[in-house]
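Report on the structure given below.
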Amino acid sequence: MNTRNCSIPAPAEYKNTASEFYFSLLHIFQLQCTEQLVTVASIIKMFYFRLRVIIPNFKKHTYYKAMRSQHALYFILIFSTPFFDSFTIFHSLEYQESTRNKLFQNFPDLPPEVTCYSVIIFAPDDVVLSILAAEYTFLIILVFSICSSSIYYMVSAMRKNHNQSQATITMQQMFIKSLTIHALIHFVMILVPCFFQAYALFFYFDSYELAVTLLLSVTYHGFFSTVVMLVYTKPLHKRLVICKK
24 MNTRNCSIPA PAEYKNTASE FYFSLLHIFQ LQCTEQLVTV ASIIKMFYFR
74 LRVIIPNFKK HTYYKAMRSQ HALYFILIFS TPFFDSFTIF HSLEYQESTR
124 NKLFQNFPDL PPEVTCYSVI IFAPDDVVLS ILAAEYTFLI ILVFSICSSS
174 IYYMVSAMRK NHNQSQATIT MQQMFIKSLT IHALIHFVMI LVPCFFQAYA
224 LFFYFDSYEL AVTLLLSVTY HGFFSTVVML VYTKPLHKRL VICKK
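For what it's worth, our numbering labels the leading residue of the sequence shown as 24, then goes sequentially.
The structure is reproduced here in structure tokens:
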């Protein structure tokens, strides 16, 4: 067994807090993944509603059916995952305990903390954790696909809508600019930490400083997103300036 498969994909304080309440980090990892994916669900719905505003007769558009299918698949997966976690968690915990003990027996030079129940051991023969990691990675790719294709179709629709008034075109451009910046913030501050979280299960990752940075990134993405919304949405920006005065 390769010791590189021993992974603690969370900051030390986070792991210790979980241990205080006798929770395995596997519980915390599954819960955190679900919370992040539910947050991302609100982002892709935001893209959906912006598309409805910008593209005329959106429901008759070919992309509408594709986007509805992507949304349906995403929501089915994120809402079925907690049930899958509930039915498989005890099997996973037993497997984790057995694998941790075998790892420490085969590599006695490892620190004894490796046998702690708050440590996740990822191995290819752990079917449950492999399914969860693969699903998690697939959902990240699916979200990126939805957001990037949405921006592409919105920009394409803007170029075709020459018969609209200048005020409408200006408003739509403002929407696209705001949405693009929102997408970049969410991509950098949520999807990048999600990617590293999935990466930590497959490969070696032990940078405590980077783990803390990524955790803070996920925590404060809502604040930065709100600031961008206030700055780049002109009606809100005007109202904010009036309140300041």
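The beta-carbon is built from N, C-alpha and C at its ideal position, and this holds for glycine as well.
Of the listed residues the options, nearest to residue i (C-alpha basis)
| i | options | result |
| --- | --- | --- |
| F70 | L60, S115, M90, N80 | M90 |
| I295 | R182, M181, L237, I169 | Residue 295 falls outside the range modelled here, since the chain spans only 24 to 268, and no answer is possible. |
| I164 | E117, C217, V61, V137 | C217 |
| I101 | K125, Y159, L116, E136 | Y159 |
| T57 | S153, P105, F219 | P105 |
| M2 | I77, S115, S121, V235 | Here the chain comprises residues numbered 24 to 268, so residue 2 is not present and cannot be evaluated. |
| L162 | F72, S248, V215 | V215 |
| A206 | Y97, S103, F247 | F247 |
| F110 | V61, V151, L239 | V151 |
| E117 | K200, H94, D149, D132 | D149 |
Own chain partners of residue i with C-beta closer than 7 Å, once the 5 adjacent residues on each side are dropped
| i | result |
| --- | --- |
| Y87 | F81 |
| S173 | F70, L74 |
| H244 | I208, H209, M212, I213 |
| T138 | R123, N124, F127 |
| T203 | I174 |
| F167 | L214 |
| V61 | I101 |
| Q195 | I77, M181 |
| F72 | none |
| Q59 | I213, C217, V241 |
Reduced DSSP secondary structure (H/G/I, E/B, other) of residue i
| i | result |
| --- | --- |
| C29 | Residue confidence for C29 is low, a pLDDT of 43 falling below 50, so the modelled location carries little weight; the figure read from the coordinates is stated next. If DSSP states are grouped into helix, strand and coil, C29 belongs with the strands. |
| L253 | helix |
| L239 | helix |
| D108 | helix |
| S230 | coil |
| N80 | coil |
| T193 | helix |
| A35 | With a pLDDT of only 43 at A35, under the threshold of 50, the placement of this residue in the model should not be trusted, and no figure is reported. |
Residues near residue i in its chain [Cβ-Cβ closer than 6 Å; skip 5 each side]
| i | result |
| --- | --- |
| Q53 | D108 |
| I112 | none |
| I199 | M177 |
Close beta carbons around residue i, own chain, < 8 Å, minus the five adjacent residues each side
| i | result |
| --- | --- |
| L233 | F219 |
| L96 | L165 |
key: Contiguous beta strand (DSSP E) assignments of at least 3 residues, all confined to the stretch 130 to 170   = none
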